[in-house]
Amino acid sequence: DTAVSQTPKYLVTQMGNDKSIKCEQNLGHDTMYWYKQDSKKFLKIMFSYNNKELIINETVPNRFSPKSPDKAHLNLHINSLELGDSAVYFCASSQEGLAGGEQYFGPGTRLTVT
Amino acid sequence: DQQVKQNSPSLSVQEGRISILNCDYTNSMFDYFLWYKKYPAEGPTFLISISSIKDKNEDGRFTVFLNKSAKHLSLHIVPSQPGDSAVYFCAASGGNFNKFYFGSGTKLNVKP
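What follows is the structure, encoded as C-alpha cells:
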C-alpha cells in the first residue's frame, strides 16, 4: 500500500506544452512538498504546503504552480515547458512535530522536455 | 550556492567492512540533520537523524556523527552489506522542519 504516490512516473513532452504531475499521500500527514532533482543530482525544494496553505515558495519560475485541493494531495502544474525543466520531480510529505519532521518521498516523476 | 555538500560522488566498499559517508555544511544555523537512502527508480527513504545537541546517534548498523565545529557529519555503516548499495543523501535544517537542504548524494557500492 503506497504511502506517497506520484503520477505519471515518466513524462515526455515537447517545449511549450503544459503538463501536470499529481501527488497523493495516505499517511495522514499535514505537510507536502515538491522537490526537483537536477542534473547535478541535488534535491532542491520548490514548494511546501501545510494543511493546503503554501508555506514555502522557493525561487521557482511562475510557470510552476502547485495546487493542493486537500491535505492529502499536492499537484504540480507546469506551463510553457522549457528544456531546462527536464529533471526528476519528487513529491514528499511529513507530519509537523513528529520526530523532527522526516519526509516520506514518492517514487519520482522523470520529466523529459524535447 | 550549495549549503550542504557531499564531495564524494561514489564509494566502493567490500562486504563486511565499514562504509563512511561524509557530508559538509556551511550554514551554522543548521541544527538538525538527516540521512536518506535511495534505490534506483525509488524516492529517498529516511535512514537516521541527529540533532545538534548530540554528537552521535546510533541505530543498528548505522551511526551518524556530528562535528559542529567542523560543520561536518558522517554516516558509518558497520558491517556493510550488499543491500546497502544505494545513493545516500544528507540533509540539513535550520529549525524549520519544513525546509531541508540536501546534498548531491554519494553512491555506495558494497561488493560481495
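Just so you know, the sequences run in chain order B and E.
Per this note's numbering: the first sequence = residues 1042 to 1155.
Per this note's numbering: the second sequence = residues 15 to 126.
Beta carbons are placed, not taken as given, at the ideal position from N, Cα and C, and that holds for glycine.
Since this is a predicted model, take the numbers as computed values, not measurements.
Opening and closing residue of the beta strand (DSSP E) in which residue i lies
i	result
B:M1087	L1084 to N1091
B:R1151	T1150 to V1154
E:I91	H86 to I91
E:V101	A100 to S107
E:N127	No information on residue 127 of chain E is available, as it lies outside the stretch 15 to 126 that chain E covers here.
B:G1098	A small correction: the amino acid at residue 1098 of chain B is Asn; Gly does not occupy that position in the sequence shown. E1094 to N1098 is the span of the beta strand (DSSP E), which, as asked, contains B:N1098.
E:F60	T59 to S65
E:N123	T120 to K125
B:K1077	T1072 to Q1078
B:Y1051	Y1051 to T1054
Inter-residue CB distance, residue i and residue j (contact presumed, cutoff 8 Å)
i	j	result
B:E1143	E:S63	6 Å
B:T1072	B:S1135	5 Å
B:S1061	B:H1118	5 Å
B:D1047	B:V1129	Reading off the sequence shown, one finds Gln at residue 1047 of chain B, where the question assumed Asp. Incorrect: roughly 10 Å between the Cβ atoms, too far for contact.
E:Y102	E:K51	6 Å
B:V1154	B:E1123	6 Å
E:L80	E:F44	Their Cβ separation, rounded to whole angstroms, is 10 Å, which puts E:L80 and E:F44 out of contact at 8 Å.
E:G30	E:P93	5 Å
Beta-bridge partners of residue i, as assigned by DSSP
i	result
B:K1066	Correcting the residue identity first, residue 1066 of chain B is Gln in this sequence and not Lys. B:Q1066 pairs with B:V1045.
E:D73	E:F76
E:V27	E:V124
E:V18	E:Y39
E:F44	Per DSSP, none; premise fails for E:F44.
B:P1107	B:L1117
E:Y50	E:F60 and E:F103
E:K113	Paired residue(s): none; E:K113 is not in a bridge.
B:K1060	B:I1119
beta-carbon residue i near the ligand ZN non-hydrogen atom, thresh 8 Å
i	result
B:T1153	By its list of ligands, the structure shown contains no ligand whatsoever, and the ligand ZN lies outside what it can speak to.
For this session: Mind listing, in chain order, the continuous beta strand (DSSP E) runs of no fewer than 3 residues lying wholly within the stretch 1112-1138 of chain B?
Result: 1114-1119 and 1128-1135
For this session: Examine the Cβ distances between the stretch 77-91 of chain E and the stretch 1058-1070 of chain B and report whether three or more of them are shorter than 8 Å.
Result: no
Problem set entry | Sufficient close CB pairs (3 or more, under 8 Å) joining the stretch 16-23 of chain E to the stretch 38-49 of chain E | yes
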